[in-house]
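Here the numbering used here is used: the first residue of the sequence shown is 224, the next is one more, and so on.
Okay, structure first, notes after.
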Amino acid sequence: TKYPEWLSPYDLVVTAVPGFMGYKTLEAVIKAGKDTADISFFPENALKLDQLAKEKNVTVITDCGVAPGMSNLILGRHNAEIKIDSFACYVGGLPKYPEPPFNYKAPFSPIDVIEEYTRPARLVENGKVITKPALSDREILDFEKAGKLEAFNTDGLRSLLFTMTHIPEMKEKTLRYPGHADLIQSLQKAGFFETSPIKINDSKISPLDFTSGILLKEWKLDEDEKEFTIMKVIIKGENKTIEYNLYDEYDAASRTSSMARTTGYTCTAAVHLITNGLFNERGVFPPELIGAQKNCFEFVLNYLDERGVKWRSNL
């Protein structure tokens, strides 16, 4: 209720809260009449707030991270130019020097990662939205700098399921070191992600809370630990294959993780789009609607490039 009062001195708000409270937070900020850049990655459909944003005369850019975020921006740009037949995005944030058994460190909370591993993945096949289990359709990809990584389905298409309904094939996959998905699946089958509490001695705890507690320590990135973000976007259409690649490492000079750089700078680029008036339409806009405008797309890519986040494409 106090949002309008708290936010009155500010031109724009960045909402970067845990997913479970993201939608409500964004709704409150829009109601307060503030332009917003959002990286909360909540499960609800942000486009449901479009009408409210128009009524409040504000501009909202949602999901402005790396993926979702840059993947959407890239698709939006090429969708404005060619008829697209398929879109695939492969993305992961990983430690440079993996340690068994998980060969993984999480730049954010383990509970969010487990959510990604358990939420059914929506993808588009033959023009229809279908649902598959997370961790399904595994394949090995060989990357120049990261070597062999395993890709599997996750629920990362989000707004694209609503804005790009004309594209017949779309998928988003998460990248991990090989073997990680097997281990996660074993934990899942054994019941470690169950949410119903079980009694141990005199206490009650859900297996998921217990597992998250253990993984918080196991998956925590050490201070100054080297990690990298890797991403590949493949777009096919009109007999062309367009590919974008990103490989970004921990920056020792600024002591900033690549996940913070790739996500954070994309978000601040969105802030500049709004504050500089480069994008001033009213309503809620996922990045694919921003990328459709060439000047906005080029601004974001240049902004990232100036900060050392370098996208490479085969164009």
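A virtual CB, placed ideally from N, CA and C, is assigned to each residue, including glycine.
In this text the structure is predicted, and so the values were computed from the model without any measurement.
Check: Beta bridge counterpart(s) of methionine 393 as assigned by DSSP; Outcome: Phe310 and Val347
Check: Leucine 431, enclosing alpha helix (DSSP H) - first and last residue; Outcome: 430–441
Check: Per-residue burial, histidine 389 [other beta carbons within 10 Å of its own, 16 or more giving buried]; Outcome: exposed
Check: Element boundaries [beta strand (DSSP E), containing asparagine 376]; Outcome: 370–376
Check: Euclidean distance between Cα positions of tryptophan 534 and alanine 255; Outcome: 36 Å
Check: Three-state secondary structure (DSSP) of glutamate 362; Outcome: strand
Check: Exposure of threonine 418, with buried meaning 16 or more beta-carbon neighbours within 10 Å; Outcome: exposed
Check: Cβ shell of glutamate 511 (< 8 Å), same chain only, five flanking positions each side left out; Outcome: Asn295, Leu296, Leu298, Gly299, Asn302, Ser382, Leu383, Thr386 and Met387
Check: Proximal residues to leucine 439 (C-beta, below 7 Å), its chain only, five neighbours per side dropped; Outcome: Pro333
Check: Spatial distance of proline 356 from alanine 369 (CA atoms); Outcome: 26 Å
Check: Per-residue DSSP class, three states only, for serine 409; Outcome: helix
Check: Three CB pairs or more closer than 8 Å across the stretch 262–277 and the stretch 467–482; Outcome: no
Check: Three-state class that DSSP yields for leucine 524 in the structure shown; Outcome: helix
Check: Where serine 426 falls: helix, strand or coil (DSSP); Outcome: strand
Check: Nearest-angstrom Cα separation, counted from arginine 399 out to lysine 463; Outcome: 28 Å
Check: Three-way DSSP call (helix, strand, coil) for threonine 285 in this model; Outcome: coil
Check: Candidates Ser536, Asp528, Pro241 and Thr498: closest to isoleucine 458 by CA position; Outcome: Ser536
Check: Alpha carbon of threonine 238 to alpha carbon of lysine 257, nearest angstrom; Outcome: 11 Å
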